[in-house]
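Undergrad: One structure, as structure tokens, below. Some questions next.
Numbering (the working numbering), first residue to last: 5 to 565.
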């Protein structure tokens, strides 16, 4: 049994360190799946398992824990940036501006409440109190990347013993999850909201926004004005989006382009939106029944996967699909969302394009695009680590600000995050293939997260009992609950009464502001529509960025107190 004792106690052994992380992570992940009601803590339970391991002396050298913690954090935030990058700037659409404004106000209110609790409840002479409150803030808003950014910033700006702010995080996190859901329920009663009425309004809104629903029309050209006109001229006159995928003229089927001339009696197969259908029918001609599959030139529809790196960043217009290949592209699917196939849309590896045309021509396009799932299964490791290199360099640049006792740095959390967002959105312009499968992105994110949480927990476990149970543990729980609930009770009614947002959209917006998947899952469980997901995804990119960035700023400000 001596070999087993040595394995468990020899902290300098590589086998011991691997065993330590394997035990902490596996036990934490399994316990995190246990649900109380419909809520579970997920992988965050790894933090609590690490605290227990550190408390009983199952630990590793500090230098090793520090390295694994920082590496896990870099990997985690970089993959988050790659995920949110493509939609980060698009989230500031007309509707998104209001939601992101409310989310930003909510984040500011979290910080204001944190400082209020600090001045009311804590001893200002304790130099560790304010950093601990920042850890409590991160737990109250269930934002683990923020904890990572704050912890990393502490290593740069704090003199003396570094406070284990993960203790405050651990105290506030459980009630943070419950508080978010409870506060959104309280908003419903404060604003006298009926769920069935909100569902009905969403149904009405979907019917009013029929422009997003595709409609396929088979029309005969009967308008004498169109005789001799090109399809481009029809587009300009109608000023409505539509794609003519096939044209039957004198018994022959062809793939039309913008210069194709129309004649009376021609049959057209048009893809447009439901909102435009009536106007297009009235202008071009009546609907007719025609079997396009039994014409002299049978055409096929095929979804083609772009896997050829040379296509990355090229626009649809520059590919000249209709003139060179004799096919039409009717829509592009990116990350599960259909995008209108406009000529200026840049294509990216991982996109799926719907191509219509003769089978041999469609096959040539497929060969040009790559259309190889196996190629996408191979992750683009080089892009990830090139981005991390640039992110580390950017994060290490000192920014000197007047009045600050130390230079401000983005750090190894903020630097890689910003670079990842930019690469995810604009990487194709410098010929970086940024596509990563959802499962690969999630796997790398989770590995980075559990390595970070396990390291933080193990280090915090050594003095966890002294800090929390014998110290101000209950006070951290109380202040964390106030930080969670008060901003929601302010923002929720404002979103409803001032901006008249749908309650389910508000629920998604709140869950996204707090980057809290359990709250989103609860919203989805009581809503049959996609409003919570839309609200969540609209504010999530900016909220995640602000949570990480403000955590670092707050730590720097600690030096002034």
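Beta carbons: idealized from backbone N, C-alpha and C, even for Gly.
Computed from a predicted model, the values in this text were never measured in an experiment.
Start and end of the beta strand (DSSP E) containing residue 253?
TA: Start and end: 247-253.
Undergrad: Can you list, in chain order, the residues of its chain with a C-beta nearer than 6 angstroms to that of residue 3? Leave out the 5 residues immediately preceding and following it.
TA: Lying outside 5 to 565, the shown extent of the chain, residue 3 is not represented and no answer is given.
Undergrad: Residue 178 lies in the alpha helix (DSSP H); which residues open and close that run?
TA: Per DSSP, residue 178 belongs to the alpha helix (DSSP H) from 170-194.
Undergrad: Please report the straight-line C-alpha distance between residue 398 and residue 437, rounded to a whole angstrom.
TA: In a straight line, the C-alpha of residue 398 is about 21 angstroms away from that of residue 437.
Undergrad: Using the DSSP secondary-structure output, state which residues sit across from residue 222 in a beta bridge.
TA: Answer is 273.
Undergrad: Between the stretch 442-453 and the stretch 358-371, do at least 3 Cβ pairs fall closer than 8 angstroms?
TA: No, the stretch 442-453 does not touch the stretch 358-371.
Undergrad: To which residues of the same chain is residue 332 closer than 7 angstroms at the C-beta, ignoring the five residues directly before and after it?
TA: Taken in chain order, the residues that qualify are 247, 249, 259, 325, 326, 360 and 361.
Undergrad: Using a Cβ-Cβ cutoff of less than 6 angstroms, which residues in the same chain neighbour residue 354 once the five nearest sequence positions on both sides are dropped?
TA: Closer than 6 angstroms at Cβ, skipping near neighbours: 439.
Undergrad: Any chance the stretch 486-497 sits against the stretch 172-189, with 3 or more Cβ pairs inside 8 angstroms?
TA: The stretch 486-497, when compared against the stretch 172-189, does touch it at the 8 angstroms Cβ threshold.
Undergrad: Taking all protein chains shown into account, decide if residue 463 is buried (16 or more other Cβ within 10 angstroms of its Cβ) or exposed.
TA: Residue 463 is buried by the Cβ-count criterion.
Undergrad: Does the stretch 516-529 come into contact with the stretch 217-229, if we say contact requires no fewer than three beta-carbon pairs (one atom in each stretch) closer than 8 angstroms?
TA: At 8 angstroms Cβ cutoff, the stretches do not touch.
Undergrad: Going by the beta-carbon positions, is the gap between residue 419 and residue 89 smaller than 9 angstroms?
TA: Contact flag unset, no.
Undergrad: At a cut of 8 angstroms, does the stretch 268-284 reach the stretch 305-325 through at least three beta carbon pairs?
TA: They do not touch, by the three-pair rule.
Undergrad: Please report the residue range of the alpha helix (DSSP H) in which residue 258 lies.
TA: Unbroken run through residue 258 is the beta strand (DSSP E), 256-258; no alpha helix (DSSP H).
Undergrad: Determine, using beta carbons only, whether residue 424 and residue 157 come nearer to each other than 9 angstroms.
TA: In this structure, residue 157 does not lie closer than 9 angstroms to residue 424 by Cβ.
Undergrad: Which word fits residue 391, buried or exposed, when buried means at least 16 other C-beta atoms lie within 10 angstroms of its C-beta?
TA: Looking at its Cβ environment, which holds 16 or more other Cβ atoms inside 10 Å, residue 391 is buried.
Undergrad: Starting from the Cα of residue 67, find the closest Cα among 15, 110, 116 and 83 and give me that residue.
TA: When only C-alpha atoms are compared, the closest one is 15.
Undergrad: How close, in whole Å, do the beta carbons of residue 483 and residue 121 come, if the pair is a contact with beta carbons under 8 angstroms?
TA: That belief holds up - the Cβ atoms of residue 483 and residue 121 are roughly 4 angstroms apart, short of 8 angstroms.
Undergrad: State whether the stretch 502-509 contacts the stretch 120-135, with contact taken as three or more CB pairs (one from each stretch) at a distance under 8 angstroms.
TA: Contact fails: fewer than three Cβ-Cβ distances are below 8 angstroms.
Undergrad: By Cβ distance, which residues of its chain are closer than 6 angstroms to residue 126, with the 5 residues on each side in sequence left out?
TA: The residues are 133.
Undergrad: Am I right that residue 308 and residue 369 are in contact with their C-beta atoms under 8 angstroms? What's the rounded C-beta distance?
TA: Correct: roughly 6 angstroms between the Cβ atoms.
Undergrad: Return helix, strand or coil for residue 102, following the three-state DSSP convention.
TA: Helix.
Undergrad: Quick check on the DSSP output: what are the complete alpha helix (DSSP H) runs of length 4 or more inside the stretch 114-158, in order along the chain?
TA: Qualifying alpha helix (DSSP H) stretches, in chain order: 133-144.
Undergrad: Could you please give me the residues that DSSP links to residue 309 through a beta bridge?
TA: The partner list for residue 309 (beta bridge, DSSP) reads 356.
Undergrad: Can you tell me which of 155, 18 and 24 puts its alpha carbon nearest to the alpha carbon of residue 557?
TA: Per the Cα distances, 155.
Undergrad: Tell me, to the nearest whole angstrom, how far the beta carbon of residue 84 is from that of residue 548; I am working on the premise that it is less than 8 angstroms.
TA: 6 angstroms between Cβ atoms; contact.
Undergrad: Taking 7 angstroms as the limit between beta carbons, can you name the residues of its chain near residue 291, skipping five residues before and five after?
TA: Within the same chain, residue 291 has close Cβ partners 221, 222, 223 and 285.
Undergrad: Rounded to a whole number of angstroms, what is the C-alpha to C-alpha distance between residue 282 and residue 239?
TA: So the alpha carbons of these two residues sit roughly 15 angstroms apart.
Undergrad: Hey, could you find the ends of the alpha helix (DSSP H) residue 454 is sitting in?
TA: Per DSSP, residue 454 belongs to the alpha helix (DSSP H) from 442-465.
Undergrad: Return yes when the Cβ of residue 146 is within less than 9 angstroms of the Cβ of residue 518, no when it is not.
TA: Cβ atoms of residue 518 and residue 146: closer than 9 angstroms.
Undergrad: Where residue 27 and residue 100 are concerned, what is the direct C-alpha to C-alpha distance, given to the nearest angstrom?
TA: Going from the Cα of residue 27 to the Cα of residue 100 covers about 43 angstroms.
Undergrad: Just the C-alpha distance for residue 393 and residue 22, rounded to the nearest angstrom, thanks.
TA: Distance between the alpha carbons of residue 393 and residue 22 is about 26 angstroms.
Undergrad: Considering only C-alpha positions, which residue in the set 202, 251 and 268 is nearest to residue 228?
TA: Measuring from the Cα of residue 228, the nearest candidate turns out to be 268.
Undergrad: Is the distance from the Cβ of residue 170 to the Cβ of residue 538 below 9 angstroms?
TA: Cβ atoms of residue 170 and residue 538: not closer than 9 angstroms.
Undergrad: With a CB to CB cut of under 7 angstroms and the five nearest residues on each side skipped, what residues in its chain are close to residue 195?
TA: So the qualifying residues of the chain are 497, 500 and 501.
Undergrad: Whose C-alpha, out of 415, 192 and 51, is nearest the C-alpha of residue 400?
TA: If we check each option's Cα against that of residue 400, 415 comes out closest.
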